[in-house]
Amino acid sequence: MPTYVLGVSALYHDAAVALVCDGVVVAAVQEERFSRLKHDASLPVRSAKWCLDRAGITADQVDWLVFYEKPLRKFERILTNAVATFPRSSGAFPRQMRAWLGDKLWLRGNLCAAFGVRPERVLFSEHHLSHAASAFYCSPHAEAAILCLDGVGEWATTSLWRGRGSEIEPVAEVRWPHSLGLYYSAITAHLGFAVNEGEFKVMGMAAYGVPRFRAEMDPLLHLEPGGGFSIDMDKFSWHWHASEAAGAKLQAILGPSRFPGTPFTPTAAAGEGSPREVEECQRYADIAATAQAQIEEAVLHLARHAKSTVGGDAICLAGGVALNSVANHRLASEGPFASVWVQPAAGDAGGALGAALWVWHSVLGNPRGAAMRRADIGRDTPIARSREILEDLGGRPEDVGESAPERAAEDLAAGRVIGWMNGRCEWGPRALGHRSILADPREAATRDLVNQRIKYREPFRPFAPSVVAEAADRYFDIPAAAAAPVRFMLATAVVRDEAKAQLGAVTHVDGSARVQVVDADSSPEYHRLITRFGELTGVPVVLNTSFNLKGEPVVSTPVDAMASFTRSGLDVLYIDGLRVERPK
Amino acid sequence: MSESSTPSATETWLLRFGTAGALVAMLGRGKRWWMVPLVLVLLLVSVGLLFLTNLPYLAPFIYMVF
């Protein structure tokens, strides 16, 4: 009888489910792909049902349901913190208690009721242990240092682990309230972006600035000689305030915070626009650049400590900070490890997968399996059903069958922007050629076109390139240690000088690109598409951005894809072997 | 998802008592006895509110308060 373990993460952000059968990941998907609510945190009942249906089992056949963190320990931290920061916490405390006493505290019963699993089959992992497991057990390394960097779990905000075979053991941790993730989020809020959403925008904005606020910001984030770090908590309020991570004290240091939605245009940052606009944009860009440099140096600092205490040649990263692809690039190029591994869903969603693998390997004592090589382990739709949906929605699909990648390449070479939906959804926030918007990467004007006509997002944000593995070195300077992260678009690379003129739409202002390297084994259709585009244009690279519109989750079903297609300026839509052209 | 495994109302209450007990035990293991009165008060308030919100005549006032 196979053993099924259902991992669940929920109730903070990015709720997700991962189903593991005898150590093999059957399916993993985020609830937002069903509810269409970005970062949906609710108990992922629909995701679980889909995963069980995919495996052909019912909830009765689930051997273990494991939640990715320990709610009681988290509750203890919230109570302790409320007492320690009283009376400042008195505003946040009633709201926290309402959420916890009404719902979160009684999680075992709620999980049983929601998922139909007996109480004795419910386990609880730890937040950072789930992160560590998600990185290490999915990696190809028999031994590795594991570094988890996020906002906060139960108590830990940063943790170092030693992974060996099927075992993971704790080495060191930094505890609440000192948190790299929350520090970056506080700066994100100061720059006028939404927390847990705008961190990627800060990373993109940083390229327009120079880190000239080191004198002001270095005292806020202090790297300790012993390998850890500390935050000047007097300047921040995330440990006691209900909604603000920082307040007047940070503004006294960095100047007024940016009002959400205020234009930040690259032209203004480059010196055009009114003098006041230029000055303001540049100040925000410089704050972003300083915070980004601090995070990169903190990651390097922690990695050096990991090398000195755990040793080995490989490091596995997890936690939301591990999605910082610029920091990952610096770790790979300047860090002490020969190999860096980041699991595609490094944030809290990945905790569901980590918790399930922890039960299989550590609790049940089973040996390691194959490393994760592909991220398309999410939801899909049978092609017959896709055809029905497209016809019902008036799409008049053309059946192009197996030639879809080649036809799509021809569309791209003709200057069309396409929606490309192929097979199963990606696991994690990155679109990796299964739910992607694709375009010709050669002209910078394409970037503006995709931004203004399709994605409706801020013009300063860069787009990523996908390149076939065979040509990656010709266009990008990728550190050897980043060979794994670039498969999942989790590390930036430097665009080679001679290639910049050919990659105008995907080269960021600082000459970098968040590249995805595509090989024929793990993404055969996508590899064919890019290869054919290369034959037609001489450049085996495509612009790849997630298939969603601003503020929405990545599309999941043909209905979602058609909804985005009809509301945007996409020219052509591909769903597996079906092609839909926008009526002229 | 599966109706047969869904706990009954009695089981749900027992699970809640179990959770409360586990919480107090955890505080004891961590030598945080000073938090036990706070936790007990919070638990009593939450149990009281649960009962009160189930009384049709009182529930509207409870929702107004919160």
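Going down the list, the protein sequences come from chains A and B. Under numbering that gives the first Met the number 0, the residue at position 341 of the first sequence is numbered 340, and the numbers go up by one with no gaps. Under numbering that gives the first Met the number 0, the residue at position 11 of the second sequence is numbered 10, and the numbers go up by one with no gaps. Idealized CB from N, CA, C, for every residue including glycine.
Open item on the list: Just checking: is the beta-carbon of TRP105(A) within a distance shorter than 8 Å of some beta-carbon in chain B?
Closed with: On the first sequence, position 106 is the one that residue 105(A) refers to. Between TRP105(A) and chain B, the shortest Cβ-Cβ separation is below 8 Å.
- [ ] Using a cut-off of 8 Å between C-beta atoms, extract the partners of PHE74(A) located in chain B.
- [x] Within the first sequence, numbered from 1, the residue matching residue 74(A) stands at position 75. The contacting residues are LEU22.
- [ ] Tell me, to the nearest whole angstrom, how far the beta carbon of CYS424(A) is from that of ARG486(A); I am working on the premise that it is less than 8 Å.
- [x] Locating residue 424(A) in the first sequence gives position 425, counting from the first residue. Locating residue 486(A) in the first sequence gives position 487, counting from the first residue. Incorrect: roughly 17 Å between the Cβ atoms, too far for contact.
Open item on the list: Can you pull the chain B neighbours of PRO118(A), defined as C-beta to C-beta under 7 Å?
Closed with: Residue mapping note: residue 118(A) aligns to position 119 of the first sequence, counting from 1. Near PRO118(A) (Cβ distances below 7 Å), the residues of chain B are PRO6, LEU14.
TODO: Please list, in chain order, all residues of the same chain as TYR525(A) whose beta carbon is under 6 Å from its beta carbon, the five residues on each side excluded.
DONE: Translated into positions along the first sequence, residue 525(A) becomes position 526. Closer than 6 Å at the Cβ level, and outside the excluded window around TYR525(A), lie GLY432, VAL517.
Task: Where LEU569(A) sits in the DSSP three-state scheme - done: The residue you call residue 569(A) lines up with position 570 of the first sequence. Here LEU569(A) sits in coil by DSSP.
Task: ILE376(A) to LEU110(A) span [Cα, whole Å] - done: On the first sequence, position 377 is the one that residue 376(A) refers to. On the first sequence, position 111 is the one that residue 110(A) refers to. Using only the alpha carbons, I get a separation of about 24 Å.
Task: Chain-order list of residues whose beta-carbon lies under 8 Å from that of ARG163(A) (same chain, five-residue window excluded) - done: Along the first sequence, one-based indexing puts residue 163(A) at 164. Cβ-Cβ distances below 8 Å link ARG163(A) to ALA141, GLU142 in the same chain, with the five nearest sequence neighbours on each side left out; the list follows chain order.
TODO: Using a cut-off of 7 Å between C-beta atoms, extract the partners of MET96(A) located in chain B.
DONE: For the purposes of this step, residue 96(A) is identified with residue 97 of the first sequence, where counting begins at 1. For MET96(A), the chain B residues whose Cβ falls inside 7 Å of its Cβ are LEU41, in order along the chain.
Open item on the list: Within a Cβ cutoff of 7 Å, which residues of the same chain sit near ASP398(A), ignoring the five residues on either side of it in sequence?
Closed with: Reading the first sequence from its first residue, position 399 is the one you call residue 398(A). GLY576, LEU577.
- [ ] Classify GLN515(A) as helix, strand or coil using the three-state DSSP reduction.
- [x] Translated into the one-based positions of the first sequence, residue 515(A) becomes position 516. Looking at GLN515(A) - three-state DSSP - the assignment turns out to be strand.
Open item on the list: Would you call the segment 17-28 of chain B in contact with the segment 411-424 of chain A, where contact means no fewer than 3 C-beta pairs closer than 8 Å?
Closed with: no
Task: Beta-carbon neighbours of LEU37(B), restricted to chain A and to distances below 7 Å - done: Walking along the second sequence from the start, residue 37(B) turns up at place 38. Within chain A, the residues near LEU37(B) are LEU78.
Task: At least 3 beta-carbon pairs within less than 8 Å: the segment 153-160 of chain A vs the segment 386-404 of chain A - done: no
TODO: Could you tell me the distance, in whole angstroms, from the CA atom of GLY108(A) to the CA atom of THR11(B)?
DONE: Taking the first residue of the first sequence as 1, we reach residue 108(A) at position 109. Taking the first residue of the second sequence as 1, we reach residue 11(B) at position 12. Near 6 Å, if we compare the C-alpha coordinates of THR11(B) and GLY108(A).
Open item on the list: So LEU316(A) and ALA134(A) are supposed to be a Cβ contact under 8 Å. How far apart are they, rounded?
Closed with: Taking the first sequence and counting its residues from 1, one reaches residue 316(A) at position 317. Taking the first sequence and counting its residues from 1, one reaches residue 134(A) at position 135. The pair is a contact, with the Cβ atoms about 6 Å apart (cut-off 8 Å).
Open item on the list: Which residues in chain B have a C-beta closer than 8 Å to the C-beta of CYS315(A)? List them in chain order.
Closed with: Along the first sequence, one-based indexing puts residue 315(A) at 316. Residues of chain B passing the Cβ test: none, with the nearest at roughly 29 Å.
Open item on the list: Looking at GLU405(A): is its Cβ nearer than 8 Å to the Cβ of ARG211(A)?
Closed with: Translated into the one-based positions of the first sequence, residue 405(A) becomes position 406. Translated into the one-based positions of the first sequence, residue 211(A) becomes position 212. Not closer than 8 Å, so no.
Task: Residue from ARG303(A), PRO218(A), LEU528(A), LEU542(A) with nearest C-alpha to ALA403(A) - done: Residue mapping note: residue 403(A) aligns to position 404 of the first sequence, counting from 1. Out of ARG303(A), PRO218(A), LEU528(A), LEU542(A), LEU528(A) has the C-alpha closest to the C-alpha of ALA403(A).
- [ ] Please report how far the alpha carbon of VAL584(A) lies from the alpha carbon of HIS127(A), in whole angstroms.
- [x] Look at the range of chain A in this structure, 0 to 583, and you will see that residue 584(A) is not part of it.
Task: In DSSP terms, what GLY162(A) is bridged to - done: Here the question's residue 162(A) lines up with position 163 in the first sequence. In the DSSP output, where bridge partners are listed per residue, GLY162(A) has ALA143(A), ILE167(A).
Task: Helix, strand or coil at SER129(A) [DSSP, three-state] - done: For the purposes of this step, residue 129(A) is identified with residue 130 of the first sequence, where counting begins at 1. The answer is helix: DSSP assigns SER129(A) an H, G or I state.
Task: Top-ranked residue by Cα proximity to PRO218(A), from ALA206(A), VAL209(A), PHE235(A), GLY226(A) - done: As a first step, residue 218(A) must be located in the first sequence, where it is residue number 219. The residue with the shortest Cα to Cα distance from PRO218(A) is PHE235(A).
Task: 7 Å Cβ cut-off: residues of chain A touching LEU26(B) - done: Taking the first residue of the second sequence as 1, we reach residue 26(B) at position 27. Under the 7 Å cutoff, chain A gives GLU75.
- [ ] Verify whether the separation of the beta carbon atoms of VAL449(A) and LEU542(A) is less than 8 Å.
- [x] Taking the first sequence and counting its residues from 1, the one referred to as residue 449(A) is at position 450. Taking the first sequence and counting its residues from 1, the one referred to as residue 542(A) is at position 543. Contact flag set, yes.
TODO: Tell whether a beta-carbon distance below 8 Å holds between SER613(A) and THR556(A).
DONE: Outside the displayed span of chain A (0 to 583) sits residue 613(A), for which this structure offers no information.
TODO: Closer than 9 Å by beta-carbon distance: list the chain A residues that pair up with THR9(B), in chain order.
DONE: Against the second sequence, residue 9(B) aligns to sequence position 10. Near THR9(B) there are no residues of chain A at all, since even the closest Cβ is about 11 Å away, more than 9 Å.
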